[in-house]
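A.B. asks:
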Amino acid sequence: MSLSGIFDRLADVPALDKVIEPARAVVDKALQPQALRDLLHGSWLGHPLHPVLAMVPVGTWLSAGILDLAAPTRPAATALIGTGVAATLPTALAGAADWTEQEIGVRRLGAVHAAANTVALGLYVGSLVARAKGRGGLGRLLSYTGLGVAGGSAAIGGHMSYALSSGASHSTAAARALTTDWIDLGPLDDLPDDRPAVRTGEGSGGAPVPLAVVRRGARVDAFVGACTHLGGPLGEGSLEEVRGRTCVVCPWHGSAFDLEAGQPRRGPAADPQVKLEVRYEAGRVFARLPGRHRQP
């Protein structure tokens, strides 16, 4: 069985839920207020924060493993290990914030990912203690073992991201299925004012692709209808003022995207919503994908 197959089997184990759901409730309660969650999600950055922070412990521990190969550079390796240990707290907090609002399979794998990272952290802390006591051989053994565990955990994290689309932009994925031609959204007067409406565009394979369209007076803003977070039906959401901007809000998890550019103003979404170009002609509204999604 492939490595992906093993991870998929883990994601299908319901017995993990007995541990996961109580832990999820604790994390949800601890990570308050919403401003803290948005900070950890990376909504302010327009990019998930967890993978950015994860580079620090992964990079420092891998570098320490290289430096530990030669005696003169082992003090530097110890300093790098300490840096990685210090970076695990903010990295874990960002990961936990994302984890609580993912699909069940991702939450199951995420729990295994977190457990493996905890083991790796314990091994690296033990390595620091052993080095401080002059037991360099034991310290190196513990750190290399920790590197192996962290590497396995990173593989789980990669599967969550690439195979299960945790943190991926579902809006961008849906945009790839949409035709690159101008889409007729109908007469301007037929669009409801001050609330999202669902319209559809032709998919490249012929299947309709949902769009979320918001009319405010004579202005129309159009977006790919799948919320970037988990693909929720954005056109069935609502309008809300969030951080001083008028936003369309996903009905599933409350992610808010400003109407000006589709930037996330409230998580759990961290990626921008794909916004369509709009033009008006003879009282009708037309929209199409922005240039970055169109074939040259």
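Using the numbering used here, you'd call the opening residue of the sequence shown number 2 and step up by one each time. Ideal Cβ placement from N, Cα and C applies to all residues, glycine included. The structure presented is a predicted model; accordingly, all values stated were derived computationally and were not measured.
Does Thr181 pass the burial test, meaning 16 or more other C-beta atoms within 10 Å, or should it be called exposed?
C.D. replies: Under the 10 Å beta carbon count, Thr181 is surrounded by fewer than 16 other beta carbons and is classified as exposed.
A.B. asks: On a Cα-Cα basis, can you pick out the residue from Gly152, Ala131, Ala151 that is closest to Leu142?
C.D. replies: The residue with the shortest Cα to Cα distance from Leu142 is Ala131.
A.B. asks: Once the 5 residues before and after Val21 are set aside, which same chain residues still bring their CB inside 8 Å of it?
C.D. replies: Inspection of the sequence shows that residue 21 is occupied by Ile rather than by Val. The answer, listed in chain order, is Arg108, Arg109, Ala112.
A.B. asks: If I measure Cβ to Cβ from Ala121 and keep anything under 6 Å in the same chain, skipping five residues before and after, which residues do I get?
C.D. replies: Gly147, Val150, Ala151
A.B. asks: When burial is assigned at 16 or more other CB atoms within 10 Å of the CB, is Lys19 buried or exposed?
C.D. replies: An exposed status is given to Lys19, since fewer than 16 other beta-carbon atoms sit within 10 Å of its beta-carbon.
A.B. asks: Assign Pro49 to one of two classes, buried (16 or more other C-beta atoms within 10 Å of its C-beta) or exposed (fewer than that).
C.D. replies: buried
A.B. asks: Could you say which of Ala77, Leu40, Pro76, Ala87 lies nearest to Val1 if we only look at CA atoms?
C.D. replies: Lying before the first or after the last residue shown, residue 1 is absent from the chain, which here runs from 2 to 297.
A.B. asks: If you reduce the DSSP assignment to three classes, tell me which class Asp194 lands in.
C.D. replies: strand
A.B. asks: Compute the distance between the beta-carbons of Leu189 and Val249, then report whether it is under 7 Å.
C.D. replies: no
A.B. asks: To the nearest angstrom, how far is it from the Cα of Ala328 to the Cα of Ala97?
C.D. replies: No information on residue 328 is available, as it lies outside the stretch 2 to 297 that the chain covers here.
A.B. asks: Under 8 Å: do the stretch 241-255 and the stretch 201-211 share three or more Cβ pairs, one atom per stretch?
C.D. replies: no
A.B. asks: At 4 residues or longer, what runs of the alpha helix (DSSP H) sit wholly inside the stretch 31-60?
C.D. replies: 35-42, all fully within the stretch 31-60.
A.B. asks: Can you give the beta carbon distance from Ser44 to Arg267, rounded, assuming they're within the 8 Å contact cut?
C.D. replies: 6 Å
A.B. asks: Output needed for Thr92: all residues of its chain with C-beta closer than 8 Å, excluding positions within five of it in sequence on either side, in chain order.
C.D. replies: Hits under 8 Å: His51, Leu54, Ala55, Val57, Pro58.
A.B. asks: Just verifying my parser: in three-state terms, what is the DSSP assignment at Arg244?
C.D. replies: coil
A.B. asks: Between which two residues does the beta strand (DSSP E) harbouring Leu70 extend?
C.D. replies: For Leu70, there is no enclosing beta strand (DSSP E), since its DSSP letter is neither H nor E.
A.B. asks: Given this structure, state the Cα-to-Cα distance separating Thr84 from Leu260, to the nearest angstrom.
C.D. replies: 41 Å
A.B. asks: I need the straight-line Cα distance from Trp62 to Gly159, nearest angstrom please.
C.D. replies: 18 Å
A.B. asks: Could you check what DSSP says for Ser170 in three-state terms: helix, strand or coil?
C.D. replies: In this structure, Ser170 counts as coil in the three-state DSSP scheme.
A.B. asks: Who are the near neighbours of Leu192 in its chain, counting only those whose CB is closer than 8 Å to its CB and skipping five residues on each side?
C.D. replies: Leu186, Ala198, Val214, Arg216, Val221, Val286
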